[in-house]
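Asker:
In our numbering, the protein residues as written are 429 to 684.
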């Protein structure tokens with residue numbers, strides 16, 4: 429892909445993570461990391477559009493696959509919030525060794541949760557200059573349960589794993605996901621974010637309702653902006669340019 433090179437780095441489990449590093453024309457110390465959503469991948473059309481747009485504005489951009497997703501190693505069934513936060517921290521460590529020192533985070537859906545956890549209390553918190561949460565939940569403990577059949581969820585703890593389909597693909601997820609999830613007080617985490625925050629949500633989102641964006645906004649104590657995109661679904665179909673522009677304006681203002 430033009431203006432992008434493949435990036436490979438290990439996470440704390442020794443799994444090889446894959447991504448693309450988009451480099452601007454001029455050397456910069458600023459890098460935005462794009463975090464995809466649950467069972468997603470960094471090569472989806474909207475993530476690539478965000479990366480290309482931000483690169484044109486002078487930012488380096490890393491779009492990478494979490495472990496067990498896309499082209500990264502690992503088993504998806506072992507996914508958890510804690511594991512993905514660790515993957516993000518491995519990405520920041522990788523970039524730090526390459527001269528990047530100030531980071532912006534742009535996370536979609538579950539990737540937004542991961543981004544907010546890192547910005548609110550992660551080990552690289554002091555290197556995060558701004559965070560954007562896009563179509564991200566606030567009531568994290570009800571997911572992914574509310575998106576699945578009640579009987580399947582009911583048996584999850586007993587069987588130890590749940591099976592589901594997303595985007596035409598089948599997945600399994602261990603119950604350890606829920607046990608890990610219980611460790612997080614998300615309202616407290618959001619209150620711990622001290623850097624500027626952009627919250628973007630579609631009013632027609634049927635996966636994560638837009639009122640959850642308002643809850644994030646209400647809990648945040650930092651400089652914050654809420655953008656509700658009228659008629660947009662969870663993937664912002666038909667609203668790509670609007671999201672690119674919002675991200676560009678936000679990071680240009682906050683990552684100086």
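Don't be surprised by glycine CBs; every beta carbon is placed ideally from N, CA and C.
Use the C-beta contact count for residue 489: other C-beta atoms within 10 angstroms, 16 or more gives buried, fewer gives exposed.
Answerer: So residue 489 counts as buried.
Asker: Assuming residue 652 is part of the beta strand (DSSP E), what are its boundary residues?
Answerer: 652-657 is the extent of the beta strand (DSSP E) around residue 652.
Asker: Name the two residues that bound the continuous alpha helix (DSSP H) containing residue 639.
Answerer: Residue 639 -> alpha helix (DSSP H) spans 639-647.
Asker: Might you give, ordered along the chain, the residues of its own chain that have their beta carbon closer than 7 Å to the beta carbon of residue 621, omitting 5 neighbours on each side?
Answerer: Closer than 7 Å at Cβ, skipping near neighbours: 544, 547, 548, 559, 648 and 650.
Asker: If you reduce the DSSP assignment to three classes, tell me which class residue 462 lands in.
Answerer: Correct three-state label for residue 462: strand.
Asker: Count the CB pairs spanning the segment 433-440 and the segment 517-532 that are closer than 8 Å, and state whether there are at least three.
Answerer: A contact exists between the segment 433-440 and the segment 517-532.
Asker: Could you check whether residue 443 and residue 501 sit closer than 8 Å to each other, using their CB atoms as the reference points?
Answerer: Their beta carbons are under 8 Å apart, which means residue 501 touches residue 443 by this criterion.
Asker: CB of residue 470 to nearest heavy atom of the ligand FAD: below 7 Å?
Answerer: Summarising the ligand content, the structure contains no ligands, and the ligand FAD is consequently not present.
Asker: Would you report the Cα separation of residue 633 and residue 660, rounded to the nearest angstrom?
Answerer: When rounded, the distance between both Cα atoms is 6 Å.
Asker: Taking residue 487 as the reference, give the member of 432, 539, 615 and 446 with the closest Cα.
Answerer: If we check each option's Cα against that of residue 487, 432 comes out closest.
Asker: Specify whether the segment 521-535 and the segment 589-604 touch according to this definition: at least 3 beta carbon pairs, one from each stretch, less than 8 Å apart.
Answerer: These segments do not touch.
Asker: Just to confirm my understanding: we take residue 594, look at its own chain, exclude 5 residues before and 5 after, and list those with CB closer than 6 Å. What are they?
Answerer: Only 467 meet the Cβ criterion.
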